[in-house]
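**Student:** Below is one structure. I have some questions about it.
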Amino acid sequence: MKRRKFLQLGMSLAAFSLVGPNLIMGAQSATNKLPRWRGFNLLEKFNGDHNQPFKESDFRMMADWGFDFARLPMSYRCWSEPGDWFTMNEAVLKEIDEAIAYGTKYKIHVNLNLHRIPGYCVNPPAEPLNLWKDEKALEAAAFHWQTLAKRYKKIGSDKLSFDLINEPANVSEADYLKVITPIVETIRKEDPKRLIIIDGLQWGTKPLFGAAKLNVGQSTRGYGPMQVSHYKASWVNMDWSKTPTWPLVLGNNDRWDQNRLRQEFAPWKKLSDQGVGVHVGEWGAFSHTPHDTALAWMEDNLKIWKENGWGWSLWNLRGGFGILDSGRTDVAYEDYQGHKLDRKMLDLLQRY
């Protein structure tokens with residue numbers, strides 16, 4: 002798919018209405034305008050070096066267990082190249098089509114997320130240009146979303162939503178808004194009714210109150226404190242000498258428990274009370290976290306999110322944070338359709 006005549010990004014907001022859908026339907030609290038979708042992140046296109054088709058069996062298992070949400074964090078490098086952002090591989094896009102079709106078949110809402118977008122990724126390697134500073138990167142980022150918007154405009158927002166940029170970090174609110182505003186505008190030019198979600202600032206942890214005019218939902222994270230969620234994770238530089246418990250005491254005045262979690266999510270509760278849809282796009286505890294600690298921490302998070310009417314998607318379904326094939330050494334796994342199932346964790350998730 003070659004570069005087409007592209008919407009000029011310099012148009013003013015006054016020239017185009019950003020009024021999108023009322024954030025949408027389904028089971029929800031009185032103040033939260035997103036359904037309380039619950040499910041998992043599926044990682045087949047998370048990394049361009051390990052680009053795989055999505056698995057129908059994942060959708061079938063999720064549906065059998067009663068879940069209704071799949072977030073697909075994807076790298077644009079699965080279908081494009083850093084040196085040729087405006088060429089897209091149709092064969093790979095068809096694999097995304099398949100995933101959306103699986104979602105429709107099994108009544109699972111699919112949320113497309115660009116985990117790596119032209120000009121930005123929270124993970125290495127760095128992009129050749131900077132999305133927050135370079136117009137060419139912004140033009141390419143908007144082009145990728147424009148392509149997806151045009152491709153899926155006939156699929157309703159009850160089945161499909163867009164999550165624009167994964168975990169923006171070290172960027173000001175003003176610069177973030179400068180980027181997401183024209184991208185939202187580009188999508189709505191193609192598909193005015195598409196449900197759009199943005200990740201919060203600072204790795205998804207800080208709500209964006211200045212985005213109210215865009216009429217978008219917002220995605221937060223459930224990884225606090227990192228001493229519990231990422232214990233012994235090789236990609237996190239922390240002191241792991243103390244095995245985490247829950248509640249967790251880090252110092253004389255630094256205790257993490259359910260009340261502390263509720264305080265941490267208070268800004269998101271404020272956003273939700275203002276009528277903005279909130280969803281916890283990623284959360285979970287890595288496989289080295291003691292299982293009992295992980296489950297206790299998870300349940301305190303789940304209680305808060307249920308109180309607030311927020312849905313969530315665990316990172317991940319299969320793998321070190323998931324309920325399948327996590328590699329934990331302190332779990333009595335159950336054999337399940339060729340996988341090792343953490344039944345205790347599944348039971349916990351199903352209760353919330």
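Here the numbering used here is used: the first residue of the sequence shown is 2, the next is one more, and so on. We put the CB at the ideal spot given by N, CA and C, even for glycine.
I'd like to know if P183 contacts chain B, where contact means its C-beta is closer than 8 Å to some C-beta of that chain.
**Tutor:** Chain labels in this structure do not include chain B; a single protein chain is all it has.
**Student:** Nearest-angstrom Cα distance between R352 and S58?
**Tutor:** 22 Å
**Student:** Can the beta-carbon of F322 be found closer than 8 Å to that of G285?
**Tutor:** Cβ distance < 8 Å, so F322 and G285 count as in contact.
**Student:** Using the beta-carbon count (16 or more within 10 Å), is Q228 buried or exposed?
**Tutor:** buried
**Student:** Can you give the Cα-Cα distance for T244 and L296, rounded to whole angstroms?
**Tutor:** 15 Å
**Student:** Taking its Cβ as the centre, do 16 or more other Cβ atoms sit within 10 Å of D348, making it buried, or is it exposed?
**Tutor:** exposed
**Student:** I'd like the span of the alpha helix (DSSP H) that includes G278, first residue to last.
**Tutor:** No alpha helix (DSSP H) holds G278; DSSP gives it neither H nor E.
**Student:** Here's a check: name, in chain order, each residue in its chain whose Cβ is nearer than 8 Å to the Cβ of A234, leaving out the five neighbours to either side.
**Tutor:** Sequence-distant Cβ neighbours of A234 in its own chain, meaning closer than 8 Å and more than five residues away, are F287 and H289.
**Student:** According to DSSP, is W146 part of a helix, a strand, or is it coil?
**Tutor:** helix
**Student:** Taking contact to mean at least 3 C-beta pairs separated by less than 8 Å, is the region 297-307 in contact with the region 255-273?
**Tutor:** yes
**Student:** Which of the three DSSP states, helix, strand or coil, is assigned to S288?
**Tutor:** coil
**Student:** Which of helix, strand or coil does DSSP assign to H231?
**Tutor:** coil
**Student:** Take the Cβ of M239 as the centre, count every other Cβ of all protein chains shown within 10 Å, and call the residue buried at 16 or more, exposed below.
**Tutor:** exposed
**Student:** Grab me the residues of K207's own chain with a C-beta within less than 8 Å of its C-beta, minus the 5 sequence neighbours each way, in chain order.
**Tutor:** Exclusion of the five residues before and after K207 leaves G201 and P268 as the residues of its chain whose Cβ lies within less than 8 Å of its Cβ.
**Student:** When DSSP labels each residue in this structure, what does N42 get in the three-state scheme?
**Tutor:** It is a strand residue.
**Student:** Counting along the chain, where does the alpha helix (DSSP H) carrying R344 start and finish?
**Tutor:** R344 to R352
**Student:** In the DSSP output, what is F60 paired with across the bridge?
**Tutor:** The partner list for F60 (beta bridge, DSSP) is empty, contrary to what the question assumes.
**Student:** Smallest Cα separation from L139: which of W86, P248, R256 and L350?
**Tutor:** From the listed residues W86, P248, R256 and L350, the smallest Cα separation to L139 is found for W86.
**Student:** On the three-pair Cβ rule with 8 Å, is the region 45-55 touching the region 71-81?
**Tutor:** yes
**Student:** Which of the three DSSP states is assigned to F70 in this structure?
**Tutor:** Of the three classes helix, strand and coil, the one that applies to F70 here is strand, per DSSP.
**Student:** Taking only three categories from DSSP, how would you classify S220?
**Tutor:** strand
**Student:** Of the choices A127, L115 and K160, whose alpha-carbon is the least far from that of K106?
**Tutor:** K160
**Student:** Excluding five sequence neighbours on each side, which residues of the same chain lie with their C-beta closer than 7 Å to the C-beta of Q203?
**Tutor:** A170
**Student:** Would you call the region 271-280 in contact with the region 205-221, where contact means no fewer than 3 C-beta pairs closer than 8 Å?
**Tutor:** yes
**Student:** What would DSSP say about R37, mapped onto helix, strand or coil?
**Tutor:** Coil, per DSSP.
**Student:** Tell me whether T330 is buried or exposed, calling it buried when 16 or more other Cβ atoms sit within 10 Å of its Cβ.
**Tutor:** exposed
**Student:** For A16, count neighbouring C-beta atoms within 10 Å of its own C-beta (all shown protein chains included) and say buried if the count is 16 or more, exposed if not.
**Tutor:** Reliability fails at A16, whose pLDDT of 33 lies under 50, so the model's placement of it is uncertain and the value that follows must be treated cautiously. Classification for A16: exposed.
**Student:** Can you tell me the Cα-Cα spacing of W38 and W311, whole angstroms?
**Tutor:** 8 Å
**Student:** Distance check for S158 and K108, CA to CA, integer angstroms please.
**Tutor:** In a straight line, the C-alpha of K108 is about 13 Å away from that of S158.
**Student:** Which class does W311 belong to by DSSP, given the choice of helix, strand or coil?
**Tutor:** If DSSP states are grouped into helix, strand and coil, W311 belongs with coil.
**Student:** Does the region 134-149 come close enough to the region 182-193 that 3 or more CB-CB pairs lie under 8 Å?
**Tutor:** They touch, by the three-pair rule.
**Student:** With H, G and I counted as helix, E and B as strand and the rest as coil, what does DSSP make of R78?
**Tutor:** helix
**Student:** Distance, Cα to Cα, Y334 vs K345?
**Tutor:** Going by the C-alpha atoms only, they are around 9 Å apart.
**Student:** For I324 and G40, what's the separation of their Cα atoms in angstroms?
**Tutor:** 11 Å
**Student:** Would F70 pass as a contact of N112 if the rule is Cβ separation under 8 Å?
**Tutor:** yes
**Student:** How is the beta strand (DSSP E) around V332 delimited, first residue to last?
**Tutor:** Segment: none, V332 is in no beta strand (DSSP E) and carries neither H nor E.
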